[in-house]
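In the UniProt record's numbering, the protein residues as written are 1 to 297.
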């Protein structure tokens with residue numbers, strides 16, 4: 001299609017123009033058409049790739065090499081290694097749509113983490129290493145999704161469970177993206193932050209604190225990811241709505257855990273990575289339970 005358009009543009013050039021004046025537009029159109037055609041073919045090739053281990057490995061190498069500048073901005077070296085394993089596992093289990101879902105989560109999550117970084121650092125609420133997350137963070141953010149992926153790969157529950165596992169997978173990342181966006185936007189733009197258990201005003205960055213700005217941003221981020229999965233054919237519209245609702249319920253639960261237990265005596269083990277695992281697991285489980293209720297009725 002791109003080459004046909006390029007040919008049409010060249011045919012309708014002004015016949016009175018000289019050769020020198022024509023050469024540059026022709027070359028520009030030809031190069032643009034070639035680049036567009038190559039990109040289109042690459043996208044088609046990736047989308048048509050089967051969910052096999054070989055395809056997952058090769059496509060991940062290709063995509064990670066192209067996306068290295070973005071990866072370096074959001075992950076440590078060991079974090080990139082963990083993300084590569086996650087990407088390979090995701091592709092094998094759920095194909096290109098599942099991988100794209102995780103990539104979207106990472107790009108948005110990294111972007112919001114960088115928002116007003118200097119301000120966050122000055123207030124002592126910024127993520128460590130300029131927001132570059134390590135392997136523990138990658139694992140904490142993807143544990144529930146990886147669990148669903150493993151079950152899907154090994155066919156646990158048979159064909160009847162395949163869609164349920166997709167739902168749990170998507171719900172886990174909707175939950176985590178909503179949590180990340182609400183936290184980072186709240187720390188950057190939240191005018192007033194409240195402790196979720198008492199509704200008392202507390203400083204930004206307090207465990208279990210929420211803000212109106214952050215909550216709205218987190219909801220919109222979860223909406224984007226849930227309905228993106230619907231557009232890509234991973235979920236139906238009703239399942240996307242379930243993911244959206246489940247993610248918000250799970251995040252309220254995570255805020256309550258943070259406010260009531262995190263950093264309290266006897267709960268030093270309950271760090272952010274552990275809370276993340278609990279949070280995304282709640283999102284997945286709530287979504288699956290809601291799906292069983294909705295579709296049985």
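In this text, a Cβ means the ideal position worked out from N, Cα and C, and glycines have one as well. Bear in mind that the values here come from a model prediction, so they are computed numbers and not experimental data.
Can the beta-carbon of residue 56 be found less than 7 Å from the beta-carbon of residue 91?
Residue numbering aside, residue 56 sits at position 56 when the chain shown is read from its first letter. Residue numbering aside, residue 91 sits at position 91 when the chain shown is read from its first letter. Yes. Within cutoff.
Please tell me whether residue 87 and residue 99 are closer than 7 Å, where the distance is taken between their beta carbons.
Numbered from its first residue, the chain shown carries residue 87 at position 87. Numbered from its first residue, the chain shown carries residue 99 at position 99. It is a contact, given that the beta carbons lie within the stated cut-off.
Is residue 138 near residue 83, with beta carbons less than 7 Å apart?
Here residue 138 refers to the residue found at position 138 of the chain shown. Here residue 83 refers to the residue found at position 83 of the chain shown. In contact: residue 138 and residue 83 (Cβ atoms closer than 7 Å).
Could you name each continuous alpha helix (DSSP H) segment of 4 residues or more that falls completely within the stretch 89–151, going from the start of the chain to the end?
117–123
Contact the stretch 205–215 vs the stretch 144–151: 3+ CB pairs below 8 Å
no
If I measure Cβ to Cβ from residue 249 and keep anything under 6 Å in the same chain, skipping five residues before and after, which residues do I get?
In the chain shown, the residue the question calls residue 249 occupies position 249. Correct list, in chain order: 286.
Taking residue 183 as the reference, which of 158, 164, 131 has the closest Cα?
In the chain shown, residue 183 corresponds to position 183, counting from 1. When each option's Cα is compared against that of residue 183, the closest is 131.
DSSP state of residue 7, grouped into three classes?
Locating residue 7 in the chain shown gives position 7, where the first residue counts as 1. With a pLDDT of only 42 at residue 7, under the threshold of 50, the placement of this residue in the model should not be trusted, and no figure is reported.
What are the partner residues of residue 73, as DSSP defines its beta bridges?
Position 73 of the chain shown, counted from the first residue, corresponds to residue 73. Beta-bridge pairing links residue 73 to no other residue.
Buried versus exposed, by CB contacts within 10 Å (16 or more), residue 186:
On the chain shown, residue 186 is found 186 positions in, with the first residue counted as 1. Burial call: buried.
When we look at the beta-carbon of residue 180 and count the other beta-carbons within 10 Å, is it buried (16 or more) or exposed?
The residue you call residue 180 lines up with position 180 of the chain shown. Flag for residue 180 reads buried.
How would you call residue 129, buried or exposed, if buried means at least 16 neighbouring beta carbons within 10 angstroms?
To locate residue 129, count along the chain shown from 1; it is residue 129. That one is exposed.
Rounding to the nearest angstrom, what Cα-Cα distance links residue 117 and residue 75 in this structure?
Here residue 117 is taken as the residue at index 117 of the chain shown, counted from 1. Here residue 75 is taken as the residue at index 75 of the chain shown, counted from 1. About 15 Å.
Starting from the Cα of residue 113, find the closest Cα among 290, 70, 258, 268 and give me that residue.
Position 113 of the chain shown, counted from the start, is the residue given in the question as residue 113. It is 70.
Look at residue 299 and residue 223 and say whether their C-beta atoms are less than 7 Å apart.
Any property of residue 299 remains undetermined from this structure, which presents the chain solely from 1 to 297.
Is DSSP giving residue 156 helix, strand or coil here?
Along the chain shown, read from residue 1 onward, the residue named residue 156 stands at position 156. Correct three-state label for residue 156: coil.
Which residues does DSSP list as the beta-bridge partners of residue 194?
The residue given as residue 194 occupies position 194 in the chain shown. According to DSSP, residue 194 bridges with 201, 210.
Would a C-beta distance cut-off of 7 Å place residue 247 and residue 178 closer than the cut-off?
Taking the chain shown and counting its residues from 1, one reaches residue 247 at position 247. Taking the chain shown and counting its residues from 1, one reaches residue 178 at position 178. It is a contact, given that the beta carbons lie within the stated cut-off.
Rounded to the nearest angstrom, what separates residue 53 and residue 174 at their Cα positions?
Along the chain shown, read from residue 1 onward, the residue named residue 53 stands at position 53. Along the chain shown, read from residue 1 onward, the residue named residue 174 stands at position 174. Roughly 25 Å between the two C-alpha positions.
Taking all protein chains shown into account, decide if residue 292 is buried (16 or more other Cβ within 10 angstroms of its Cβ) or exposed.
Locating residue 292 in the chain shown gives position 292, where the first residue counts as 1. Answer is exposed; the Cβ neighbour count stays below 16.
Is DSSP giving residue 167 helix, strand or coil here?
The residue labelled residue 167 in the question sits at position 167 within the chain shown. Of the three classes helix, strand and coil, the one that applies to residue 167 here is helix, per DSSP.
Unbroken stretches of the beta strand (DSSP E), 3 residues or longer, contained in the stretch 249–282
none
Identify, in the order they occur along the chain, each residue of the same chain with its Cβ nearer than 6 Å to the Cβ of residue 18, setting aside the five sequence neighbours on each side.
In the chain shown, residue 18 corresponds to position 18, counting from 1. Any reading at residue 18 must be qualified, since the residue scores a pLDDT of 48, below 50, and its modelled position is unreliable; no value is offered.
Could you give the C-beta distance for residue 164 and residue 234, rounded to a whole number, given that I count them as a contact under 8 Å?
Numbered from its first residue, the chain shown carries residue 164 at position 164. Numbered from its first residue, the chain shown carries residue 234 at position 234. Incorrect: roughly 12 Å between the Cβ atoms, too far for contact.
Helix, strand or coil for residue 218, going by three-state DSSP, please let me know.
In the chain shown, the residue the question calls residue 218 occupies position 218. Helix at residue 218.
So, under 8 Å CB-CB, residue 288 and residue 167 are touching, yes? Tell me the CB distance rounded to an integer number of Å.
The residue labelled residue 288 in the question sits at position 288 within the chain shown. The residue labelled residue 167 in the question sits at position 167 within the chain shown. Residue 288 to residue 167, Cβ: 6 Å. Contact.
Taking the straight line between their C-alpha atoms, what separation do you get for residue 156 and residue 228?
Here residue 156 corresponds to residue number 156 of the chain shown, with the count starting at 1. Here residue 228 corresponds to residue number 228 of the chain shown, with the count starting at 1. Distance between the alpha carbons of residue 156 and residue 228: 26 Å.
Looking at the secondary structure, which residues open and close the alpha helix (DSSP H) in which residue 55 lies?
The residue labelled residue 55 in the question sits at position 55 within the chain shown. Unbroken alpha helix (DSSP H) run through residue 55: 53–66.
Short check: CB of residue 266 to CB of residue 208, under 7 Å?
As a first step, residue 266 is located in the chain shown; it is residue number 266 there, counting from the start. As a first step, residue 208 is located in the chain shown; it is residue number 208 there, counting from the start. No, the pair does not count as a contact, with Cβ atoms beyond the cut-off.
Write down the C-beta distance between residue 197 and residue 240 rounded to the nearest angstrom, noting that I regard them as a contact closer than 8 Å.
Mapped onto the chain shown, residue 197 falls at position 197. Mapped onto the chain shown, residue 240 falls at position 240. So it is not a contact: roughly 30 Å between Cβ atoms.
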